[in-house]
Amino acid sequence: MYVACIGNFDGVHLGHRAIMQKTVNIAANLDLQSTAISIVYPWGYYFPNFPGIIYPVAQRLELILATGIERVLTVNMSEIRYLEPEDYISRLMSEGMRAIVVGSDFTFGNGAKGNIELLERISKEGDLRVEIVPDALYDGRRISSSWIRESIAKGDIGLTNSLLGKRYSIRGKVYKDKQLGAKIGFPTANIHRGDERLVIPRSGVYIIMSTIDSRDYFGLLNVGFRPTVNTSEEVKYEVYFFDYSGNLYNRNLELEFLEFIRPELKFDSLGELIEQIKHDERVARRWLEIHLNMLKKER
């Protein structure tokens, strides 16, 4: 027997967390298992103009479990999109669902005919408890995954982190590239984020933090196409750590975004690029001096 919350939950933002916390609380009160049913990809994921999901699915599941949810089930949109809403809820109830927690805009099933009104009707007719969680707001606006995707694409890291309730991060494996950074005095780790369609941060330079071998390191992340040298057709993620020395090849890293410094620029020479990187590092180190105590408190 379990209490369920259902949604895509991309980002596991503050609104999602409120739903999950309510799920955990009700499950504890009823002595049932708390369960999140996560739709793997939103319907828009399968269309060309979709900007990408906020986190890879594996990371999303970790974030869901970190809220206190005991179990996560995944379901493909194709499995439920054309189901009649009543049939889907009946199936979940037959599998042991005794309560469902959703947001006020929740829809599901064939033609999105399933909504909170339908759930409340089913609740009155059968043995199902329904809890509707009000929207989580930020500056009077409803927090949503689409808003967060927009803020990431604009490079608004402060807003992104506020809406998520945690620092936005990317993950990936370090791979060997042309090693140009090392040749000009700034060795970089190139990050491959995997094959899922992920939202791409605004091209430019960011201050980031990463934990490597149980120690926090800070650095600069360049997101973009390297227009000055070896222009790439695909977005590259290259991180330069200030005080790290060692081999990172084939290691998996997570980079937490702290601040956006500047957009990506094209320079007329390598010398200009080197001077800009030196300037970016001075800016980043100064920013870190000011904010370091706050960062330590947030850990």
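Heads up: the sequence shown begins at 1289 in the working numbering, then just goes up one per residue.
All C-beta atoms in this analysis are idealised placements derived from N, C-alpha and C, irrespective of residue type, glycine included.
Alpha-carbon spacing of residue i relative to residue j, whole angstroms
i     : j     : result
V1389 : A1477 : 42 Å
K1466 : E1552 : 19 Å
L1353 : S1366 : 24 Å
E1569 : L1361 : 43 Å
I1377 : D1415 : 12 Å
V1421 : K1554 : 48 Å
L1320 : V1300 : 22 Å
I1404 : R1481 : 37 Å
C1293 : G1559 : 55 Å
F1396 : R1369 : 7 Å
W1331 : L1318 : 33 Å
P1489 : I1440 : 5 Å
V1487 : P1515 : 21 Å
K1461 : G1402 : 40 Å
M1289 : E1408 : 20 Å
S1411 : R1455 : 38 Å
F1530 : E1586 : 21 Å
L1583 : S1502 : 16 Å
D1393 : P1475 : 47 Å
L1351 : G1295 : 14 Å
Three-state class that DSSP yields for residue i in the structure shown
i     : result
K1310 : helix
Y1525 : strand
T1355 : coil
S1557 : coil
K1566 : helix
Y1477 : For clarity, residue 1477 is Ala in the given sequence; the question names Tyr instead. Here A1477 sits in strand by DSSP.
I1488 : coil
I1431 : coil
E1552 : coil
G1303 : helix
L1425 : strand
S1411 : helix
Y1532 : coil
L1361 : strand
T1516 : coil
G1397 : coil
G1332 : helix
Burial state of residue i, where buried means 16 or more other Cβ atoms lie within 10 Å
i     : result
M1385 : buried
R1417 : exposed
F1335 : exposed
Y1448 : One detail in the question is off: residue 1448 reads as Thr in this sequence, not Tyr. T1448 comes out buried.
L1536 : buried
G1428 : exposed
S1432 : buried
I1479 : buried
M1308 : buried
A1306 : buried
R1348 : buried
L1580 : exposed
K1310 : buried
I1593 : Summary: the structure shown does not reach residue 1593, with the chain confined to residues 1289 through 1587, and so no result is reported for it.
A1316 : exposed
G1391 : buried
S1498 : buried
G1446 : exposed
Proximity below 8 Å, CB of residue i to CB of residue j
i     : j     : result
Y1532 : I1565 : no
L1425 : I1496 : no
E1544 : S1457 : yes
V1291 : A1400 : no
R1459 : L1541 : yes
I1549 : Y1505 : no
I1342 : D1375 : no
V1345 : V1328 : yes
S1322 : V1312 : yes
G1340 : R1539 : no
I1314 : E1419 : yes
S1491 : G1507 : no
G1534 : L1302 : no
In DSSP terms, what residue i is bridged to
i     : result
N1540 : K1461
Y1343 : Beta-bridge pairing links Y1343 to no other residue.
F1506 : M1497
R1417 : A1387
E1547 : I1495
V1291 : S1322 and A1387
G1446 : Paired residue(s): none; G1446 is not in a bridge.
I1327 : V1363
V1571 : According to DSSP, V1571 bridges with nothing at all.
G1482 : None, per the DSSP bridge assignment.
G1402 : F1396
Heavy atom of the ligand NAD within 7 Å of residue i beta-carbon
i     : result
N1317 : Of the ligands one can find in the structure shown there are none, so the ligand NAD has no counterpart to examine.
Any C-beta of chain B under 8 Å from that of residue i
i     : result
I1410 : Absent from the structure: chain B. Only one protein chain is present.
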